[in-house]
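See below for the structure under consideration.
Numbering (my numbering), first residue to last: 2 to 375.
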């Protein structure tokens, strides 16, 4: 993703008013990769590339400009202790390390030496379509000084984020607040940068994300900009189960026949996006409907497991049924052939909700023949 920060480093007077700019422009590109080694562990790498750093020469001993450089490469591990997909709360530990691949703190590009630390992240759902996350961490690094003489040693890191689902797992409003403070001088204005950001994330095809947004500084701390703009793209390759799903029977079709009798359409906990393992089933149903125009109407029923409130589960099951309808329309099925699309919450479980495997079976959509022309 690309990130532009305006005036993240400035000289100020005793009242913290701007006297002169040090860095007035900061344009960065970040290449980020992550690989899930296990279900509960992943490894990530962040490579920052500085395309343009507008350093002002009005301050003695500071170079005029740095047009291209590599920042400190970051290695991040993630260990999931509690899975939010199976519980209402998720907990993860993220150890991280910075390698001194930049020119250092004096040019505002990195730490100047090896640095590392860890974060604890707690996230959960607090309301329908609203999720919140909190992280607290610690960055350990050598005692260094920037060009203005500010001591930059270990930091306490804090962050808060909120996500609001605006459009059925497709469009999200994202808000974040971040703060860091040097441990040798807790919460003093010059060494405590704080920032707020807001943006949108749009997801399509369950694999592609586009992020755009902006932010502004909440303090006069080193690195806190007047404002920030960012944009990014993310691709996620998800595992696809190698399972041959038998097609629905193609002999005589009767009202009430279940087109998902061989296999239901399944969903992850608290999600209305169709699991990859179920997409072949919907593809075969779409092919069946194209081959049998006499089926003039189908019915789509959505369900949840027993976790969550009745009100929330009714809405979630409705979104699941709507996701299946949207998928079939995307495969070329005329919307007029899709009749009732209804969510029933946790009603009519296939099996008793006694454990996680049974609950997975009940997070489903079923499709039935509702009308047949003679």
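From the three backbone atoms N, C-alpha and C, an ideal C-beta is built for every residue, glycine too. If you're wondering where the values come from, they're calculated on a predicted model, not measured in any experiment.
How far does the alpha helix (DSSP H) with residue i in it reach, from first residue to last?
| i | result |
| --- | --- |
| residue 286 | 280-292 |
| residue 162 | Premise fails: residue 162 lies in the beta strand (DSSP E), 156-168, not in any alpha helix (DSSP H). |
| residue 215 | Here residue 215 belongs to no alpha helix (DSSP H); instead the beta strand (DSSP E) covers 209-218. |
Classify residue i: buried if its beta carbon has 16 or more other beta carbons within 10 angstroms, exposed otherwise.
| i | result |
| --- | --- |
| residue 8 | buried |
| residue 367 | buried |
| residue 51 | buried |
| residue 209 | exposed |
| residue 187 | exposed |
| residue 10 | buried |
| residue 49 | buried |
| residue 137 | exposed |
| residue 156 | buried |
| residue 310 | exposed |
| residue 226 | buried |
| residue 238 | exposed |
| residue 375 | exposed |
| residue 82 | exposed |
| residue 261 | buried |
| residue 40 | exposed |
Tell me the rounded alpha-carbon separation between residue i and residue j.
| i | j | result |
| --- | --- | --- |
| residue 194 | residue 219 | 8 Å |
| residue 144 | residue 71 | 22 Å |
| residue 357 | residue 135 | 26 Å |
| residue 130 | residue 88 | 16 Å |
| residue 35 | residue 43 | 7 Å |
| residue 242 | residue 271 | Here residue 242 scores only 43 on pLDDT, less than 50, and its place in the model is too uncertain to base an answer on. |
| residue 287 | residue 330 | 9 Å |
| residue 275 | residue 77 | 29 Å |
| residue 233 | residue 169 | 21 Å |
| residue 98 | residue 181 | 17 Å |
| residue 322 | residue 212 | 27 Å |
| residue 94 | residue 258 | 48 Å |
| residue 141 | residue 224 | 18 Å |
| residue 269 | residue 205 | 17 Å |
| residue 249 | residue 256 | Its pLDDT being 48, under 50, residue 249 is placed unreliably by the model, and the measurement read from it follows with that caveat. For residue 249 and residue 256, the distance between alpha carbons rounds to 14 Å. |
| residue 338 | residue 326 | 10 Å |
| residue 125 | residue 360 | 19 Å |
| residue 364 | residue 350 | 9 Å |
| residue 154 | residue 119 | 15 Å |
| residue 253 | residue 304 | 28 Å |
| residue 28 | residue 172 | 26 Å |
| residue 289 | residue 277 | 19 Å |
| residue 165 | residue 295 | 42 Å |
| residue 96 | residue 353 | 40 Å |
| residue 273 | residue 317 | 7 Å |
| residue 284 | residue 328 | 9 Å |
| residue 167 | residue 90 | 21 Å |
| residue 319 | residue 342 | 7 Å |
Tell me which same chain residues have a C-beta within less than 7 Å of the C-beta of residue i, skipping the five on either side of it?
| i | result |
| --- | --- |
| residue 230 | 5, 215 |
| residue 69 | 51, 52 |
| residue 236 | 208, 209 |
| residue 190 | 17, 220, 221, 222 |
Excluding the five sequence neighbours on either side, which residues of its own chain have a C-beta within less than 6 Å of the C-beta of residue i, listed in chain order?
| i | result |
| --- | --- |
| residue 371 | 298, 299, 300, 340 |
| residue 163 | 133, 176 |
| residue 179 | 160, 196 |
| residue 74 | 48, 100, 102 |
| residue 199 | 176, 214 |
| residue 306 | 354, 360, 363, 364 |
Sorted by chain position, which residues of the same chain lie with C-beta nearer than 8 Å to residue i's C-beta, five sequence neighbours on each side aside?
| i | result |
| --- | --- |
| residue 315 | 344, 345, 346 |
| residue 291 | 333, 334 |
| residue 127 | 133 |
Taking only three categories from DSSP, how would you classify residue i?
| i | result |
| --- | --- |
| residue 335 | coil |
| residue 353 | coil |
| residue 311 | helix |
| residue 316 | helix |
| residue 329 | helix |
| residue 361 | helix |
| residue 85 | coil |
| residue 277 | helix |
| residue 322 | helix |
| residue 190 | helix |
| residue 130 | coil |
| residue 229 | strand |
| residue 343 | strand |
| residue 375 | coil |
| residue 256 | coil |
| residue 201 | strand |
| residue 114 | coil |
Ends of the beta strand (DSSP E) at residue i?
| i | result |
| --- | --- |
| residue 270 | Taken as a continuous stretch (DSSP letters only), residue 270 belongs to no beta strand (DSSP E), as it is neither H nor E. |
| residue 302 | 296-303 |
| residue 224 | It is not in any beta strand (DSSP E) - residue 224 carries neither H nor E in the DSSP assignment. |
| residue 90 | 90-100 |
| residue 179 | 172-183 |
Does the beta carbon of residue i fall short of 7 Å from some heavy atom of the ligand MN?
| i | result |
| --- | --- |
| residue 159 | Inclusion of the ligand MN in the displayed structure is not the case, the ligand content being empty and no account of it being possible. |
Using a Cβ-Cβ distance cut-off of 8 Å, determine whether residue i contacts chain D.
| i | result |
| --- | --- |
| residue 7 | Structure shown: chain D not included; a single protein chain is present. |
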